[in-house]
Amino acid sequence: GIGILAVCDWFNESRPRVTLLSMIDRIAKDDVLPRSTDVVVIGAGIIGVSAALTLAERGISVVLIEKGVISGEQSSRNWGWCRQQGRDPRELPLIIESLRLWRELNQRIEEETGFRQCGVVYLARTAADLEAREAWLDLVKSYGVDSRLVGRRELDKLLPGSAVPHAGALFTPSDGRAEPALAVPAMARAARRRGAIVLEKTAARGVETRAGSICNVVTEKGRIDCNGVVLAGGVWSRLFCQSLGIDVPQLKVVSSVLRTQPLPGGPEVSASGHGFSFRKRLDGGYTVAHGGVINYDLVPDSFRLLTRFLPLAWMARHELRPRFSSRFGVEWRQPSSWPLDKPSPFEEIRILDPAPQPGVLRAAVRNLKGAYPVFQGLEVAEEWAGMIDVTPDAVPVISGTSALPGLILATGFSGHGFGIGPAAGRLAADLVTAAPIAVDLQPFALSRFFDGSKICPVAGI
Numbered sequence: 003g004i005g006i007l008a009v010c011d012w013f014n015e016s017r018p019r020v021t022l023l024s025m026i027d028r029i030a031k032d033d034v035l036p037r038s039t040d041v042v043v044i045g046a047g048i049i050g051v052s053a054a055l056t057l058a059e060r061g062i063s064v065v066l067i068e069k070g071v072i073s074g075e076q077s078s079r080n081w082g083w084c085r086q087q088g089r090d091p092r093e094l095p096l097i098i099e100s101l102r103l104w105r106e107l108n109q110r111i112e113e114e115t116g117f118r119q120c121g122v123v124y125l126a127r128t129a130a131d132l133e134a135r136e137a138w139l140d141l142v143k144s145y146g147v148d149s150r151l152v153g154r155r156e157l158d159k160l161l162p163g164s165a166v167p168h169a170g171a172l173f174t175p176s177d178g179r180a181e182p183a184l185a186v187p188a189m190a191r192a193a194r195r196r197g198a199i200v201l202e203k204t205a206a207r208g209v210e211t212r213a214g215s216i217c218n219v220v221t222e223k224g225r226i227d228c229n230g231v232v233l234a235g236g237v238w239s240r241l242f243c244q245s246l247g248i249d250v251p252q253l254k255v256v257s258s259v260l261r262t263q264p265l266p267g268g269p270e271v272s273a274s275g276h277g278f279s280f281r282k283r284l285d286g287g288y289t290v291a292h293g294g295v296i297n298y299d300l301v302p303d304s305f306r307l308l309t310r311f312l313p314l315a316w317m318a319r320h321e322l323r324p325r326f327s328s329r330f331g332v333e334w335r336q337p338s339s340w341p342l343d344k345p346s347p348f349e350e351i352r353i354l355d356p357a358p359q360p361g362v363l364r365a366a367v368r369n370l371k372g373a374y375p376v377f378q379g380l381e382v383a384e385e386w387a388g389m390i391d392v393t394p395d396a397v398p399v400i401s402g403t404s405a406l407p408g409l410i411l412a413t414g415f416s417g418h419g420f421g422i423g424p425a426a427g428r429l430a431a432d433l434v435t436a437a438p439i440a441v442d443l444q445p446f447a448l449s450r451f452f453d454g455s456k457i458c459p460v461a462g463i
């Protein structure tokens, strides 16, 4: 049933939906484009906002520009998980640091982000499932993560009332959750209080260079002279880089999510099981997703990048639901370059708002209710979807580019960006200002896709 519904649901793609955007906490923003700054950050999702906040705290002048609204795309549409559990080992140093930053973030910015250290549970229905979780533990044992396997008795204490027998679970007590629609705007407000200039509805059309290095960013409202640029454009990063002659191998997948009305008596931990995932919200409701279905709109880049993405597609073959939609035509018509004194594609589509997949969400609710009867009374308050930027190894690019000094890429977070955002944004800020770097950059280098490095996605994350 899910497969048929996934094919059919794309007909609703153009239907306007504004309820999710209305939930995003708003900020006061600036109206005047400055003539110059030290750094321009392009894209006001969690990565870009974190980079701008870090720079402003260091006394570095920074302008944060966003073609739509702060956190209008995936940074407000994700699950809200902040997890070490199940991470690719290459990301663990960043997420460990990011969780430290999340724990201090409310105090640091003097606002509520919704972060709570609630723990994360990955349920295992069979002994084979449990063995797969144990294999991940073996991969990461040198990192000191507090993840552990739990048996049925301890699992019943963490998640009481299961109607489905489980062999056990993987549990990480120090993992947490936060509120995407609160956290990113709160960080942007804090950046602005510390001197950052924040501009919405201000698309970056491109950059100009002097002596081979970036000297300014051209926006729809004019030029900003600068010494460096952080591109944190999410799914838009590949198109922006194409206009600069830089190849960033990145595709998009669609994730459908819902939130419930407040539900008394539900669990505090976040959990992922067979065909469902959930985390508690500050309002007492839950964010729910399927977790086992990945909708993927076939576009021209699907064929251009086919060989690069085959290993990842094969690994995800049981979850992947390819489909033809109107996205193919939209991206077929998109130019790969444009004059900087004319409107760019970023001004044509301010906010990507893909239609959620009702069949997938119905299945998630059905699976959740079947596993945990405490959710029998849940009422769906809202459904939405978001587009996720994915790289061939599902590890982000946080990297400079040899082709264009002064440009730092922070993109391709592959569905892991919200939790890892505070540390990833800080790393981008370190790179653009040539500050000391505390982590190994090679796993995040753009050059890995072109220098003969073996590109290996890690299963089971």
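Residue numbers (the numbering used here): 3 to 463. Note that CB positions come from ideal geometry on N, CA and C, so glycine has one too.
| Item | Value |
| --- | --- |
| Distance, Phe330 Cα to Leu151 Cα | 43 angstroms |
| DSSP three-state assignment for Phe415, whether helix, strand or coil | coil |
| Continuous alpha helix (DSSP H) assignments of at least 4 residues falling wholly in the stretch 74 to 141 | 76 to 79 and 94 to 111 |
| Endpoints, the alpha helix (DSSP H) within which Val367 is located | Pro360 to Ala373 |
| Where Val332 falls: helix, strand or coil (DSSP) | helix |
| Val237 burial status per 10 Å Cβ neighbour count (16 or more: buried) | buried |
| Outcome for Leu133 when other beta-carbon atoms lying within 10 angstroms are tallied against a minimum of 16 | With the sequence shown as reference, residue 133 is identified as Glu, and Leu is not the correct amino acid for it. Glu133 should be labelled exposed. |
| Per DSSP, the bridge partner or partners of Trp316 | Answer by DSSP bridge pairing: none, since Trp316 is not bridged. |
| Residues that Leu253 bridges to, as DSSP identifies them | Val392 |
| Sequence-distant residues of its chain with Cβ nearer than 6 angstroms to Leu7 (five each side left out) | A caution first: Leu7 carries a pLDDT of 33, below 50, which makes its placement in the model unreliable, though a value can still be read off. Hits under 6 angstroms: Gly361. |
| Status (buried if at least 16 other CB within 10 Å, exposed otherwise) for Ser455 | exposed |
| CA-to-CA distance, Val367 to Arg17, given in whole angstroms | Its pLDDT being 38, under 50, Arg17 is placed unreliably by the model, and the measurement read from it follows with that caveat. Approximately 23 angstroms between the Cα atoms of the pair. |
| Element boundaries [alpha helix (DSSP H), containing Lys159] | Arg154 to Leu160 |
| Alpha-carbon spacing of Leu433 relative to Ser401, whole angstroms | 8 angstroms |
| Cβ neighbours of Val186 in the same chain (closer than 6 angstroms, five flanking residues each side left out) | Ile48, Val51, Ser73 and Ser77 |
| Length of the line joining the Cα atoms of Ala198 and Gly170 | 48 angstroms |
| Spatial neighbours of Trp104 in its chain, beta-carbon cut-off 7 angstroms, leaving aside the 5 residues before and after | Cys84, Phe117, Gly178, Ala180 and Pro424 |
| Trp386 classed as buried or exposed, judged by whether at least 16 other C-beta atoms fall within 10 angstroms | buried |
| CB contact flag (Gln86, Ser144, <8 angstroms) | no |
| Same chain only: Cβ atoms within 7 angstroms of Pro459, ignoring 5 sequence neighbours per side | Pro313, Leu314, Met317, Asp395 and Ala396 |
| Endpoints, alpha helix (DSSP H) assigned at Pro182 | Pro182 to Arg195 |
| Of the listed residues Val220, Pro182 and Gly379, nearest to Ile26 (C-alpha basis) | Pro182 |
| Asp249 versus Arg240 - alpha carbon distance | 7 angstroms |
| Cα-Cα separation between Leu107 and Val147, rounded to whole angstroms | 21 angstroms |
| In DSSP terms, what Glu210 is bridged to | Asn218 |
| Buried versus exposed call for Glu375 [16 or more other C-beta atoms within 10 Å across all chains shown] | For the record, residue 375 in the displayed sequence is Pro; it is not Glu. Pro375 should be labelled exposed. |
| Integer-rounded CB distance, given that Ala373 should sit under 8 angstroms from Phe278 | 7 angstroms |
| Stretch pair the stretch 249 to 258 + the stretch 296 to 314: three plus CB contacts closer than 8 angstroms | yes |
| Arg179 - partner residues in DSSP beta bridges | Trp83 and Arg118 |
| Helix, strand or coil at Val9 [DSSP, three-state] | Residue placement at Val9 cannot be trusted, given a pLDDT of 33 that sits under 50; what the coordinates show is reported in the next sentence. Helix at Val9. |
| Gly423 CB to nearest heavy atom of the ligand MG below 7 angstroms | No copy of the ligand MG appears in this structure; indeed no ligand is present at all. |
| Beta-carbon separation (whole angstroms), Ala430 vs Ala234, contact threshold 8 angstroms | 7 angstroms |
| Closest Cα partner of Thr413 within the set Ile422, Leu342, Pro398 and Gly427 | Pro398 |
| Local Cβ density within 10 Å of Val34, reported as buried at 16 or more and exposed below that | exposed |
| Buried or exposed by the 16-neighbour rule on C-beta atoms within 10 Å, applied to Trp334 | exposed |
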